[in-house]
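> Let me give you the structure first, and then I'll get to my questions.
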Amino acid sequence: MRVLALSFAALMATALVQSVIVAVSGSVALLGDTLHNFADALTALPLAVAFSLGRRAATRRFTYGYGRAEDLAGIAIVLLIAASAALAGYEAVVRLIHPQDVEALGWVAVAGVIGFLGNEAVARYRIKVGREIGSAALVADGLHARTDGFTSLAVLLGAGGVALGFPIADPLVGLAITAAICFVLRDAAREIYHRLMDAVDPRLVEQAEHILSGVPGVEQVGAVRLRWIGHALRAEVDIAVNHSLSLVEAHGVAVEAEHRLIHDLPRLQAATVHADPNGPEGTDHHSVLVTHRIRSR
């Protein structure tokens, strides 16, 4: 929450300074960058609401808690980025059709540098803290801010082109910035889609299987299912233990498997471990469920 508050203040201040220079200069390249910085600042608001909701305890209706609020916030962020891209692109096209002079080129260049410095400072802070607390969303938002910093530098190209006698350079750079925003939009939308569809990095599944196979008493590792709920992982796994173990002994193996997963799998908050008897040979302990499992595929 502290990161969101400070990054919101930094990006809002950056965008406000740039907006003053936009009003003076009439640069659409700088306008596009300013709109993007405003959108980036505003993304902190739905994330803050989501993080606040995520602190609430689970209820009988929301039995997994409120961590999914982060995914809903992600949809709002994608819509904000899309709106900034649409507005920036519209203004650039209008300026191409109806050219206007760009004033105060020196200040436009200064605004581009301010945009870069503001975004880079926010990017470093978000990435650093995101990695410390294990928040993939915060790290991704930091990388997003770093990309935005480089789009701010593109404003310098527009100002330089106008100074050299190419007034069309300003709206062209505005369109280039719009294209850059669209690439960021694509990556953000894909990330949110993956979260909504419970996608995880396959390497996490492999790591979980490796951890389980090293637990004493685990003879086979069955299905491993992982999902993100907010910035924490939950797991549901199947293991096979010797059929001659007592219920207490099999439960002990399952508890140790859960314990090792929580300790060794990054950002895992909880795991449900189901222990199946391994044997006797030729025995199917799930025969009554076969037809149900075929239907659910």
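Each residue of the sequence shown is one higher than the one before, counting from -2 in my numbering.
Where is the CB? At the ideal position from N, CA and C, for every residue including glycine.
Where do the ends of the alpha helix (DSSP H) carrying A232 lie?
It is not in any alpha helix (DSSP H) - A232 instead sits in the beta strand (DSSP E) that spans 229 to 239.
> Which residues in the same chain have their Cβ closer than 6 Å to the Cβ of G237, if we skip the five residues on either side of it in sequence?
According to the sequence displayed, residue 237 carries Ala and not Gly. Contacts found: E216, Q217, D273, N275.
> Just to confirm before moving on: does the CB-CB distance between G112 and T269 stay below 9 Å?
For G112 and T269, no; Cβs fall outside 9 Å.
> Can you find the residues in the same chain that come closer than 8 Å, C-beta to C-beta, to H282, ignoring five residues on each side of it along the sequence?
Closer than 8 Å at the Cβ level, and outside the excluded window around H282, lie D273, P274.
> So, for A82: in the same chain, excluding its five sequence neighbours on each side, which residues have a beta-carbon less than 7 Å away from its beta-carbon?
Hits under 7 Å: T175, I178, C179, L182.
> Quick one: is E203 buried, meaning 16 or more other Cβ sit within 10 Å of its Cβ, or exposed?
Counting Cβ neighbours within 10 Å, E203 comes out exposed, since fewer than 16 surround it.
> Comparing the CB of A272 with every heavy atom of the ligand ZN, is any distance shorter than 8 Å?
Questions concerning the ligand ZN fall outside what the structure shown contains, since it holds no ligand whatsoever.
> Taking the beta strand (DSSP E) that I226 falls in, what are its first and last residues?
Note, I226: beta strand (DSSP E), 217 to 226.
> With distances taken Cα to Cα, identify the nearest neighbour of L77 among D37, V250, L161.
Ranking the options by Cα distance to L77, first place goes to D37.
> When the Cα of S22 is compared with those of R65, P168, R53, which residue comes out closest?
Comparing Cα positions, the closest option is P168.
> If you compare alpha carbons, which of D138, T280, L265 is closest to V295?
In this structure the chain extends from -2 to 294, so residue 295 is not present and cannot be described.
> At what residue ranges does the stretch 139 to 193 contain a whole run of the beta strand (DSSP E), taking only runs of 3 or more?
Listed in chain order, nothing qualifies, since the stretch 139 to 193 has no complete beta strand (DSSP E) run of 3 or more residues.
> Alpha helix (DSSP H) containing L265: first to last residue?
Per DSSP, L265 belongs to no alpha helix (DSSP H); it is in the beta strand (DSSP E), 265 to 275.
> Using a threshold of 9 Å, state whether the C-beta atoms of A151 and V170 are closer than that.
A contact, by the Cβ cut-off of 9 Å.
> Quick check on DSSP: helix, strand or coil for E278?
If DSSP states are grouped into helix, strand and coil, E278 belongs with coil.
> Quick check on DSSP: helix, strand or coil for M(-2)?
In the structure shown, M(-2) sits in coil (DSSP, three-state: anything other than H, G, I, E or B).
> Are the CB atoms of D30 and T148 within a distance shorter than 9 Å?
The answer is yes: Cβ separation under 9 Å.
> Use the C-beta contact count for A6: other C-beta atoms within 10 angstroms, 16 or more gives buried, fewer gives exposed.
A6 comes out exposed.
> Since D198 and G219 should fall inside the 8 Å C-beta cutoff, what is the C-beta to C-beta distance between them, to a whole number of angstroms?
20 Å between Cβ atoms; not a contact.
> Between G155 and the rest of its own chain, which residues show a CB-CB distance below 6 Å, the 5 nearest in sequence each way excluded?
Contacts found: A26, A166, D167, V170.
> Grab the span of the alpha helix (DSSP H) containing T31 for me, first residue to last.
25 to 39 is the extent of the alpha helix (DSSP H) around T31.
> Quick check on this structure: which residue in G146, R257, H141, V105 has the alpha carbon closest to the alpha carbon of V159?
When each option's Cα is compared against that of V159, the closest is V105.
> Does the count of Cβ pairs from the stretch 225 to 234 and the stretch 49 to 66 closer than 8 Å reach three?
Short answer: they touch.
> Just the C-alpha distance for E255 and V221, rounded to the nearest angstrom, thanks.
E255 and V221: Cα-Cα distance of roughly 12 Å.
> Could you give the distance in angstroms between the alpha-carbon of R324 and the alpha-carbon of A66?
Look at the range of the chain in this structure, -2 to 294, and you will see that residue 324 is not part of it.
> What are the uninterrupted segments assigned as alpha helix (DSSP H) that are 4 or more residues long and contained completely in the stretch 77 to 143, given in chain order?
Listed in chain order, the complete alpha helix (DSSP H) runs (minimum 4 residues) inside the stretch 77 to 143 are 102 to 130.
> What is the C-beta distance between L140 and A120, in whole angstroms, given that I count them as a contact (C-beta under 8 Å)?
With 8 Å as the limit, L140 and A120 qualify as a contact, their Cβ atoms being about 7 Å apart.
> Taking S49 as the reference, give the member of M(-2), V90, V17, V287 with the closest Cα.
When each option's Cα is compared against that of S49, the closest is M(-2).
> Between which two residues does the alpha helix (DSSP H) carrying S210 extend?
From DSSP, the alpha helix (DSSP H) with S210 extends over 199 to 210.
> Going by beta carbon distance, what residues of the same chain come within less than 8 Å of A118, once the five residues before and after it are set aside?
Result list for A118: A7, in chain order.
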